[in-house]
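Numbering (full-length UniProt numbering), first residue to last: 1 to 199.
Here is the structure we will look at.
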Amino acid sequence: MTDNTARPHPGLDLGQKKDSRCCDHPECSAEGQHRAPKSRDRLNDYYWFCKDHVRDYNKNWDFFADMDQDQIHAWQRSSQTWHRPTWRMGARAMGAMGMDGLRDDLGIFEDLAGFAGRFTEKSAPDPGKSTYRAEDMRQLAVLGLDESASITDIKNAYKKLVKRYHPDVNSNDESAEEKFKEIVNAYHHMTSLKSGSSE
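Right, here's the structure in full:
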């Protein structure tokens with residue numbers, strides 16, 4: 001025989017009294033409806049207070065009690081990443097961690113030639129990325145060169161341009177004189193830069 005007795009929905013409150021707890025404040029018998037963490041190290045462990053006592057507790061609560069300024073700043077920095085460990089981004093940071101710090105549980109990178117080299121300190125520079133600053137590039141342009149120029153290219157370009165714009169050849173031409181000064185400055189800039197490099 002089928003039981004057709006109506007049963008209340010499990011989530012429906014039909015006026016049943018829930019188990020109540022007393023306020024955790026000593027000598028208070030009011031109902032404890034408001035929770036408050038017991039300490040900074042036990043944020044998921046709570047006291048249960050009545051409304052008046054939770055207000056008093058919150059008024060005197062100091063999360064950073066017993067911490068100095070350095071500890072407070074360290075905690076605040078760590079909170080930006082939810083207190084989880086982080087590492088600096090980039091190949092150099094990965095190189096410091098080493099290949100042993102990388103996990104490849106699925107074997108995705110096993111067949112990639114040169115994969116390890118991407119994460120080491122000695123990885124080759126990106127051929128498409130310039131090692132010169134903007135000022136260096138500007139001085140190269142004065143000499144009519146690009147970043148692939150060697151010290152020999154710089155010297156050859158300098159000799160050619162000095163002959164063309166020398167004041168003795170261009171008497172009373174102020175623009176040629178200015179150009180000549182730019183060429184000399186660019187030459188000195190680039191030769192001092194190159195002498196400081198391994199080339």
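Just so it is clear, CB atoms sit at the ideal spot from N, CA and C, and this is done for glycine as well.
The model shown is predicted, which means the values in this text are computed figures rather than measured ones.
**Q.** Minimum C-alpha distance to Tyr-57 - residue among Tyr-46, Gly-144 and Ala-176
**A.** Measuring C-alpha to C-alpha distances from Tyr-57 to each of Tyr-46, Gly-144 and Ala-176 identifies Tyr-46 as the nearest.
Q. Pairing CB atoms from the segment 155-169 with CB atoms from the segment 129-138, are three or more of them under 8 Å?
A. No: the two stretches stay apart, fewer than three of their Cβ pairs being nearer than 8 Å.
Q) DSSP state of Trp-75, grouped into three classes? A) Three-state result, Trp-75: helix.
Q: Assign Leu-143 to one of three DSSP states: helix, strand, or coil.
A: Residue state, collapsed to three classes: coil.
Q) Quick one, are the C-beta atoms of Cys-23 and Phe-49 less than 7 Å apart? A) Contact check for Cys-23 against Phe-49 passes: the beta carbons are separated by less than 7 Å.
Q) With DSSP run on the structure shown, which of helix, strand or coil describes residue 205? A) Because the chain in this structure spans residues 1 to 199, residue 205 falls outside the shown range and cannot be described.
Q) Which residues share a DSSP beta bridge with Ser-39? A) DSSP lists Arg-42 as partners of Ser-39.
Q.
Taking its Cβ as the centre, do 16 or more other Cβ atoms sit within 10 Å of Phe-63, making it buried, or is it exposed?
A. Phe-63 counts as exposed, since fewer than 16 other C-beta atoms from the protein chains shown sit within 10 angstroms of its C-beta.
Q. Which value, in whole angstroms, describes the spacing of the CA atoms of Ala-91 and Arg-84?
A. Residue placement at Ala-91 is poorly supported in this model, since its pLDDT is 49, which falls under 50; the coordinates are not used for a value here.
Q | Backbone CA spacing between Gln-80 and Ser-29 [nearest angstrom] | A | Cα to Cα, the separation comes out at about 41 Å.
Q. Can you tell me whether Ala-186 is buried or exposed, with buried defined as 16 or more other CB within 10 angstroms of its CB?
A. Buried: at least 16 other Cβ atoms inside 10 Å.
Q: Would you list the one or two residues that DSSP bridges to residue 201?
A: Since the first residue of the chain shown is 1 and the last is 199, residue 201 is not available in this structure.
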